[in-house]
């Protein structure tokens, strides 16, 4: 939002030229997310407690997770809020990659919300059945893979990727590109979901998988 409002004025006000730099906008997006969590986190947690959205670990979960019994759950909503709002404020929303990452965030967040809703409100101990989660992830991964493969911003790099720290090392997945995207999205989202359970784990995994 700010990028689209202020960067066009950079010809008149040179200081606004900083909005062209991704590093500048990324830093301030991170600060915005931090401020939002500090401001709304405690209020949100109390609100979940009043709604009785409380953790009820299954009897087969590890003993270390049993200590979470009675603590507010559905905290993923706060994470989504802290990701989506700064992105809308600071990102270049005309960038197709930004549009796709917002779609991925909302889609997977919706699956998580439905899972928590079934557990907390409808009292289904297992929440959303695993195969339905997997179907949702595969559908999303297939759509994202097709968009990147068939409608890429840069056709030359449609099915290619580079390896960090290895100069001029390029991998072209060709027809394996879409299955690779499905694997990455499904694997990373499940890694976060399966490992989440103790305070501090989820947000670190979200940052790494993102």
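In our numbering, the protein residues as written are 19 to 228.
Using N, Cα and C, we set each Cβ at its ideal position, and we do this for glycine too.
> When the Cα of residue 144 is compared with those of 132, 178, 37, which residue comes out closest?
Replying inline: Within the chain shown, the letter at position 126 stands for residue 144. Residue 144 has its Cα closest to that of 132, out of 132, 178, 37.
>> Would you call the region 145-154 in contact with the region 50-61, where contact means no fewer than 3 C-beta pairs closer than 8 Å?
In response: no
> Thinking C-beta only, is residue 110 closer than 8 Å to residue 116?
Replying inline: Walking along the chain shown from the start, residue 116 turns up at place 98. Walking along the chain shown from the start, residue 110 turns up at place 92. Going by C-beta atoms, residue 116 is nearer than 8 Å to residue 110.
>> Rounding to the nearest angstrom, what Cα-Cα distance links residue 167 and residue 64 in this structure?
In response: Mapped onto the chain shown, residue 167 falls at position 149. Mapped onto the chain shown, residue 64 falls at position 46. Cα to Cα, the separation comes out at about 44 Å.
> At which residues does the beta strand (DSSP E) containing residue 189 begin and terminate?
Replying inline: Against the chain shown, residue 189 aligns to sequence position 171. Looking at the DSSP string, the run of the beta strand (DSSP E) that includes residue 189 is 188-190.
> In three-state terms, what does DSSP make of residue 185?
Replying inline: The residue given as residue 185 occupies position 167 in the chain shown. Reduced to three states, the DSSP call for residue 185 is coil.
>> If I measure Cβ to Cβ from residue 178 and keep anything under 7 Å in the same chain, skipping five residues before and after, which residues do I get?
In response: Looking up residue 178 in the chain shown gives position 160. Taken in chain order, the residues that qualify are 188, 189, 190.
> When the Cα atoms are used, what is the spatial distance from residue 62 to residue 192?
Replying inline: Within the chain shown, the letter at position 44 stands for residue 62. Within the chain shown, the letter at position 174 stands for residue 192. Taking the straight line joining both Cα atoms gives about 45 Å.
> Between the region 150-169 and the region 117-130, do at least 3 Cβ pairs fall closer than 8 Å?
Replying inline: yes
> Among all the DSSP beta bridges, which residues are the ones paired with residue 178?
Replying inline: Reading the chain shown from its first residue, position 160 is the one you call residue 178. In DSSP, residue 178 forms a bridge with 190.
>> If contacts are defined as beta-carbon pairs under 8 Å, then residue 163 and residue 199 qualify, I think. What distance do you get, rounded to the angstrom?
In response: Counting from one through the chain shown, the residue named residue 163 turns up at place 145. Counting from one through the chain shown, the residue named residue 199 turns up at place 181. 3 Å between Cβ atoms; contact.
>> In chain order, what are the residue ranges of uninterrupted alpha helix (DSSP H) at least 4 long that sit wholly in the region 113-180?
In response: 114-138, 148-168
> From residue 46 to residue 37, what distance separates their C-alpha atoms?
Replying inline: As a position in the chain shown, residue 46 is number 28, starting the count at 1. As a position in the chain shown, residue 37 is number 19, starting the count at 1. Their backbone Cα atoms lie some 10 Å apart in a straight line.
> Can you give the Cα-Cα distance for residue 137 and residue 92, rounded to whole angstroms?
Replying inline: Along the chain shown, one-based indexing puts residue 137 at 119. Along the chain shown, one-based indexing puts residue 92 at 74. In a straight line, the C-alpha of residue 137 is about 10 Å away from that of residue 92.
> Buried or exposed: which applies to residue 105, given that a residue is buried once 16 or more other Cβ atoms fall within 10 Å of its Cβ?
Replying inline: Position 87 of the chain shown, counted from the start, is the residue given in the question as residue 105. Residue 105 comes out buried.
>> Among 66, 32, 44, 97, whose alpha-carbon lies nearest the alpha-carbon of residue 210?
In response: As a working mapping, residue 210 is identified with position 192 in the chain shown. The candidate whose alpha carbon is nearest that of residue 210 is 97.
> For residue 59, which of helix, strand or coil comes out of DSSP?
Replying inline: Translated into positions along the chain shown, residue 59 becomes position 41. Helix at residue 59.
> Starting from residue 94 and walking both ways along the alpha helix (DSSP H), at which residues does that stretch end?
Replying inline: Translated into the one-based positions of the chain shown, residue 94 becomes position 76. Start and end: 94-108.
> For residue 172, does the count of other Cβ atoms within 10 angstroms reach 16, so buried, or fall short, so exposed?
Replying inline: Numbered from 1 along the chain shown, position 154 holds the residue referred to as residue 172. It is exposed - the Cβ of residue 172 has fewer than 16 other Cβ atoms within 10 Å.
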